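Since the structure comes first, as structure tokens, the remarks are kept for the end.
Residue numbers (full-length UniProt numbering): 1 to 384.
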């Protein structure tokens with residue numbers, strides 16, 4: 001079980017429209033309590049795990065706020081708008097978005113994820129599918145929601161995100177999807193660079209695949225992370241990002257799967273290969289389970305794979321390990337499946353193997369935030 005019980009039903013959907021600062025303000029107004037929970041949770045970790053004082057957090061937050069403006073002024077404006085709505089210093093919100101960078105250099109470790117992209121040649125209807133399980137600290141489950149935005153140019157996005165942030169995994173109205181996986185290299189460090197969560201929002205702001213590449217690759221990075229991209233044009237590519245370098249994985253037999261270790265052969269020391277729960281099996285197992293359905297893969301197939309319980313509790317569908325202290329427990333908090341052609345977003349909350357998936361259409365969420373459909377009821381676990 002999670003440390004705090006979650007309400008039954010779908011995750012919360014937050015809808016925000018307007019220019020970037022207005023979007024940030026609308027998100028802040030709707031999620032103020034959740035933002036305060038995120039700040040309390042991560043600032044405690046900044047203090048206890050990284051030894052950072054409140055003054056340190058504000059100083060680094062100011063640096064990352066400047067970096068946001070240099071990288072993409074829309075992101076900076078969203079951060080400022082949210083901070084104004086929640087009535088906190090924007091430096092604290094910027095530091096929250098840079099929690100990866102502020103904690104990795106201290107030996108801080110977190111959970112993992114399993115992601116998959118499925119190309120048209122192996123799906124049942126010729127659509128491109130993308131999805132992942134998001135495995136994270138159980139205490140953050142109640143501060144995570146689905147965010148849909150439409151800017152003043154009409155660009156739309158829908159994504160899972162933690163309160164105070166603007167992206168994790170999701171898709172946009174251009175048919176481009178983004179998934180994120182933890183990676184840790186020996187080159188990760190503190191300092192000035194573009195935070196990983198800025199990169200994820202930057203990719204979602206891209207209008208085409210080549211723009212997403214430019215938002216991820218030719219930028220100064222100080223942390224590692226995996227970004228799996230796919231789009232409705234029928235292409236997918238995986239970037240293993242590290243400071244000063246990156247690796248690339250292309251689809252094989254219409255599939256890309258990824259977990260939490262480097263696979264592209266780039267010259268880095270992999271700090272998670274030996275310790276991330278079942279990472280050496282999860283991606284290959286997901287690929288094998290999907291390959292069995294090649295030519296007939298549907299969104300329901302992806303949902304089934306993400307519910308796999310092999311080697312429970314450290315399975316693709318991860319559960320908190322009762323042998324670990326509460327502060328070190330991780331779980332698959334949410335499972336996401338996306339149809340990039342139809343622009344449909346499905347999400348299941350913990351425990352994802354016992355919950356249905358909730359469906360939103362990106363083309364329909366604005367102008368009323370409709371209730372999601374309930375689809376993909378739980379099924380028996382995938383067999384080895």
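Virtual Cβ for every residue (Gly too), placed ideally from N, Cα, C. For clarity, every value in this text was computed on a predicted model and none was experimentally measured.
- About 5 Å separates the CB atoms of residue 223 and residue 196; that is less than 8 Å, so the two are in contact.
- In this model, residue 341 and residue 321 are separated by some 37 Å (Cα to Cα).
- Contact check for residue 166 and residue 68: beta-carbon distance about 10 Å, past the 8 Å limit, so the pair fails to qualify.
- Within a 10 Å sphere around the beta-carbon of residue 252 sit fewer than 16 other beta-carbons, which makes this residue exposed.
- Spatial neighbours of residue 363 in its own chain (CB-CB distance under 6 Å, excluding positions within 5 residues in sequence) are listed in chain order as 343.
- Within the DSSP bridge table, the entry for residue 156 names 150 as partners.
- Contact between residue 203 and residue 229 is confirmed by a C-beta separation of about 7 Å, below the 8 Å threshold.
- Exclusion of the five residues before and after residue 268 leaves 185, 186, 187, 224, 242, 245 and 262 as the residues of its chain whose Cβ lies within less than 8 Å of its Cβ.
- Counting only residues of its own chain and dropping the five nearest sequence neighbours on each side, residue 147 has a CB closer than 6 Å to the CB of 14, 159 and 161.
- CA-to-CA, the gap between residue 95 and residue 191 works out to about 12 Å.
- For the pair residue 379 and residue 355, the Cα-to-Cα distance works out to about 10 Å.
- Between the C-alpha atoms of residue 217 and residue 240 there is a straight-line separation of about 10 Å.
- The residue among 30, 366 and 18 with its C-alpha nearest the C-alpha of residue 163 is 30.
- If you draw a straight line from the Cα of residue 93 to the Cα of residue 208, it comes to about 28 Å.
- Ranked by Cα distance from residue 359, the options 351, 353, 370 and 366 are led by 370.
- Approximately 5 Å separates the beta-carbon atoms of residue 172 and residue 157; this is inside 8 Å, confirming the contact.
- When DSSP states are grouped into helix, strand and coil, residue 28 belongs to the helix group.
- With three or more CB-CB distances shorter than 8 Å, the stretch 279-291 counts as touching the stretch 302-312.
- If you look at residue 258, you'll find it in the beta strand (DSSP E) that goes 255-258.
- Taking 9 Å as the cut-off, the beta carbon of residue 127 is found closer than this to the beta carbon of residue 232.
- Ranked by how close their Cα comes to the Cα of residue 22, the residues 81, 265 and 71 have 81 in first place.
- Between residue 91 and residue 65 the beta-carbon gap is near 6 Å, inside 8 Å, which marks them as a contact.
- Counting every other CB atom within 10 Å of its CB across the protein chains shown gives residue 374 a total below 16, marking it as exposed.
- Here residue 89 has 58, 61 and 83 as same chain residues with Cβ atoms under 8 Å from its own Cβ, once five neighbours each way along the sequence are excluded.
- With 16 or more neighbouring CB atoms inside 10 Å of its own CB, residue 139 falls in the buried class.
- Residue 134 places its beta carbon 9 Å or farther from that of residue 301.
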